Amino acid sequence: MAEIIRKTSLPHPEEVPAGVRTAAQEALSLTLRQPRPEGFPLLFTSKMELMEAAVGFLHEHAVLRACTTDTIRTYTEILLDWFDSIETLGIAWSDADVSDLVSYRDRMLKKASPHTRRAFSIRTVNHRIRGVLRFYA
């Protein structure tokens with residue numbers, strides 16, 4: 087199952103092993119260009135491999151397009167659901183095609199939401215499909 091891990095602040099030097107305290111102290115003084123805000127979502131596969139394309143997409147929308155936190159959360163949830171769906175079927179995100187997207191849509195139309203236990207509304211299904219298409223665009 088794909089997972090979201092949220093970015094946190096750097097640890098304080100006294101919170102890390104003695105061998106890396108100097109590096110931790112130096113890291114606190116670094117200025118990063120376009121840093122991702124604390125709480126920024128990082129998506130990982132079930133094998134704990136960073137989904138770089140998804141993180142890049144979210145970074146573009148969060149930092150370059152200045153989307154709201156709610157918008158980033160929504161895109162994250164859409165991508166997490168999509169990646170989890172295709173990963174369950176053994177399909178790499180880069181190999182997914184239109185037939186996989188149609189199957190994803192059909193599953194949402196036939197199954198109840200695990201969160202609400204009600205059928206997905208057409209609006210929600212369309213919203214998720216548009217989010218996946220934006221990612222691939």
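Using the numbering used here, you'd call the opening residue of the sequence shown number 87 and step up by one each time. For each residue, glycine too, the CB sits at the ideal point set by N, CA and C. Only a predicted model underlies this, so the values are computations on that prediction, with no experimental measurement involved.
Requested in this report: Grab the span of the alpha helix (DSSP H) containing Leu-166 for me, first residue to last.
Outcome: Where Leu-166 is concerned, the enclosing alpha helix (DSSP H) stretches over 155-174.
Requested in this report: Assign Ala-178 to buried or exposed, taking buried as 16 or more other Cβ atoms, counted over all protein chains shown, within 10 Å of its Cβ.
Outcome: So Ala-178 counts as exposed.
**Report entry** Whole-angstrom distance between Tyr-190 and Thr-101, CA atom to CA atom
**Finding:** Correcting the residue type first, residue 101 is Glu in the shown sequence and not Thr. A direct Cα-to-Cα measurement between Glu-101 and Tyr-190 gives close to 44 angstroms.
Requested in this report: Measure the alpha-carbon distance for Ser-132 versus Leu-165 and round it to whole angstroms.
Outcome: Near 14 angstroms, if we compare the C-alpha coordinates of Leu-165 and Ser-132.
**Report entry** Phe-130, enclosing beta strand (DSSP E) - first and last residue
**Finding:** Where Phe-130 is concerned, the enclosing beta strand (DSSP E) stretches over 127-130.
Query raised in the report: Just how far apart, CA to CA, sit Leu-114 and Gly-105?
Result: Going from the Cα of Leu-114 to the Cα of Gly-105 covers about 16 angstroms.
Query raised in the report: Which two residues bound the contiguous alpha helix (DSSP H) that contains Thr-203?
Result: In the sequence as presented, Thr is not what sits at residue 203; that position holds Arg. Going by DSSP, Arg-203 is part of no alpha helix (DSSP H) at all; its letter is neither H nor E.
Requested in this report: Would you mind sorting Leu-45 into buried or exposed? The rule is 16 or more other CB atoms within 10 Å of its CB.
Outcome: In the structure displayed, the chain extends from 87 to 223; residue 45 sits before or after that span and is not available.
Query raised in the report: Between the Cα of Tyr-161 and the Cα atoms of His-98, Ser-95 and Arg-220, which residue gives the shortest distance?
Result: For Tyr-161, the nearest C-alpha among the options comes from Arg-220.
Query - Ser-189 - containing alpha helix (DSSP H), residue span - result: Per DSSP, Ser-189 belongs to the alpha helix (DSSP H) from 184-196.
Report task. Take the Cβ of Arg-151 as the centre, count every other Cβ of all protein chains shown within 10 Å, and call the residue buried at 16 or more, exposed below. Result -> Looking at its Cβ environment, which holds fewer than 16 other Cβ atoms inside 10 Å, Arg-151 is exposed.
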